[in-house]
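In our numbering, each residue's number is its place in the sequence shown (first place is 1) plus 1111. Ideal Cβ positions, reconstructed from N, Cα and C, are used throughout, including at glycine. Reading through the structure tokens given below for one structure.
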Amino acid sequence: MLLTRIKGPRDLDRLSQEELDQLAAEIRSFLVDAVSKTGGHLGPNLGVVELTIALHRVFESPKDKVLFDTGHQAYVHKLLTGRQDFGNLRSKGGLSGYPSRAESDHDVIENSHASTVLGWADGLAKANEVLGREDHHVAAVIGDGALTGGMAWEALNNIAAAKDRPLVIVVNDNERSYGPTIGGLANHLATLRTTDGYERFLARGKEILERTPVVGKPLFETLHGAKKGLKDFIAPQGMFEDLGLKYIGPIDGHDIEALESALQRAKRFSGPVIVHCLTQKGRGYTPALEHEADRFHAVGVIHPDTGLPVSTDAASWTSVFADEMVKLGKERKDIVGITAAMLQPVGLKRFADAFPDRIYDVGIAEQHGATSAAGLATGGAHPVFAVYATFLNRAFDQVLMDVALHKCGVTFVLDRAGITGTDGASHNGMWDMSILQVVPGLRLAAPRDAEQLRAQLREAVEVKDAPTVVRFSKGVVGPAVPAVGKIGGMDVLRAPGAEVTRPDVLLVSVGALAPMCLEIADLLDKQGISTTVVDPRWVKPVDEALAPLADRHRVVVTVEDNGRTGGVGAAVSQALRDAGVDVPLRDFGIPQRFLDHALRKEIMAEIGLTAPDIARQVTGLVAKLDGRYDSEPAAAVD
């Protein structure tokens, strides 16, 4: 096999055109076989095989910087840079599903949030200029979906201002992000895809006119001088050229020879150039091409021959939300849905099918989505903006200053909250309950099971004068966790016997960790430690009944799948201090560090967020209090 002979990008230089085509076929076969066993981003990588080969033949990575926006399409890049062991892809100790600086000097960006690559490219090109590195180049690959993000256009505005600073921007145009790309940019790129190019027209015109006596050459020069108008008429690429960017394309993104020619021309140019490549997401794999929803953007473990899942999961958090949104849509005409280019992944596809006039896909533009939601709310609608928890970080200012300041009734539904695991550091939803704590008036719900998700979503959309947030985990929703009582707005999940006058521990359970918290209580009970377990349901603001309840216990323990800094534990601690309740508190959550990719349960074990680990520490805390309880006041334990 040719692929096994590729240990680095320069090994591509020795291959003939025929061998390059064979290598492309081998890579596609390898990807289908490997990713079907582990799960991962299959469709995007099948679409960029030839493009990645051409990039590494034209540019000299790692001296030249080859950057991938978002990074989910970098599997081919990994293969060509010496990383061909995909056996543990996205698993602990295996390859990351995104570029990773820890893996290779060929990897530059690893944050896997979209629309950032052009900002990186602008900075790297400026660094080359400042340091006089004229033999260094920067090539940035960005999808048409990522170009819907505002950051990309902010960067383009800056890139175009330096007309003599070399930079190659490769637009990987497959008409999709997850689903089909939408909006004005998508329409513009569609026009470029379906219109015969100016260069072809001008070359043919030159051939004819140069054979015409006397007037031929002057007429050609006149036409060439008017090329701006001609280009807009024949191939309306003026949007890019009006910015001052040289445009090459569209290029067949599966023709290695054509790609190399275009990239070489762009590399030789002394300023910023856009190379527009047309690719096909899922190319070469029939099940992906026939999957209209997202062309196998991301798959679990599948049968390689059929593309069908090996196992069918039980109901997911996302599917519970999806069904309840449709019910709400039928009951209330003011309910509208908003998604940032992720209609299917966040569960709004069913709502869109049922109410096509009440769904808005804003593209990869979370900031715009939040402010547009504020406008919708001000106009009398109630928008539900469903987004991955990690991506709401990008719209914090809009949540704060547009939605909350204006007291707009907008509901944000955060999917993939907490530790998500296999997609790595940038996808763990471990920041939301910290950053949202500082937003005045905002109310934040963390449902523990499917029934609570339905109930709290309904409670959220009833709020008309403030933003509300409902956050839930990735994956399968757990069993129902019934309440045995209620205190204030909190559900009591476990209470000690009536004979216990002052229970030892008040355990505050957040969201989907309720089953684990009940397990902790069982383990403590075996040590003779009495425990009350409560689910606040709404973790912001802290329930007024919590402080007096805490005052009737010896220790307060909070457990959350969010960063400990500024999270629910910190909010509870502040609420107790404000109420003058001097009870020791221990908060358990995610440490403030970037977590390597692994299964969720592996990460939980690594950071000590498991029932045995927490029960052991709480037992030690209670024992410590017992040893000095009669002789000195209990000190707070952090």
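According to the DSSP assignment, M1453 belongs to no alpha helix (DSSP H), since it is labelled neither H nor E. Secondary structure note for T1669: its beta strand (DSSP E) is the uninterrupted segment 1666 to 1674. The C-alpha of D1363 lies about 48 angstroms from the C-alpha of A1571. Per DSSP, P1652 lies in no alpha helix (DSSP H) and is assigned neither H nor E.
With fewer than 16 neighbouring CB atoms inside 10 Å of its own CB, E1245 falls in the exposed class. In this structure, V1386 places its C-beta atom within 8 angstroms of the C-beta atom of I1359. Selection V1219, K1378, D1737, K1357 evaluated against R1168 yields K1378 as nearest (Cα-Cα). DSSP places Y1471 in the uninterrupted beta strand (DSSP E) bounded by 1470 to 1472. Counting C-beta pairs closer than 8 angstroms gives three or more between the stretch 1572 to 1581 and the stretch 1519 to 1529, which meets the contact rule. Proximity of the stretch 1485 to 1499 to the stretch 1522 to 1535 meets the contact definition, three or more beta-carbon pairs being nearer than 8 angstroms. C-alpha of Q1703 to C-alpha of D1672: approximately 12 angstroms in a straight line.
Distance check between R1276 and each of S1211, N1239, G1256 places N1239 closest, using alpha-carbon atoms only.
Distances from the alpha-carbon of P1652 to those of L1660, R1665, V1683 put V1683 closest. For secondary structure counted as the beta strand (DSSP E) over 3 or more consecutive residues, the stretch 1571 to 1621 holds these complete runs in sequence order: 1579 to 1582, 1596 to 1598, 1601 to 1605, 1616 to 1620. Note on the stretch 1141 to 1229: whole alpha helix (DSSP H) runs with a minimum of 4 residues are 1154 to 1158, 1160 to 1169, 1186 to 1191, in chain order.
Checking the DSSP bridge columns, you'll see Y1358 partnered with I1385. Rounded to whole angstroms, the separation of the alpha carbons of T1642 and R1613 is 10 angstroms. Residues of the same chain with a CB within less than 7 angstroms of the CB of T1163, apart from the 5 flanking positions on each side, are V1187, H1188, L1191 in chain order.
Note: H1493 is bridge-paired with I1446 in the DSSP secondary-structure output.
Bounds of the alpha helix (DSSP H) holding V1729 are 1722 to 1739. In the displayed model, R1697 falls within a strand according to three-state DSSP.
In the DSSP annotation of this structure, the continuous segment of the alpha helix (DSSP H) that includes D1543 starts and ends at 1543 to 1546. Here H1152 has H1183, A1409 as same chain residues with Cβ atoms under 6 angstroms from its own Cβ, once five neighbours each way along the sequence are excluded. For L1511, same chain residues with a beta-carbon under 6 angstroms away, outside a window of 5 residues either side, are V1550 in chain order. DSSP lists V1580, K1651 as the beta-bridge partner residues of L1555. Under DSSP, the beta-bridge partners assigned to I1253 are V1282. DSSP places V1645 inside the beta strand (DSSP E), whose first and last residues are 1642 to 1646. With fewer than 16 neighbouring CB atoms inside 10 Å of its own CB, L1419 falls in the exposed class. V1668 and V1694 do not touch by the CB rule: their CB atoms are close to 11 angstroms apart, not below 8 angstroms.
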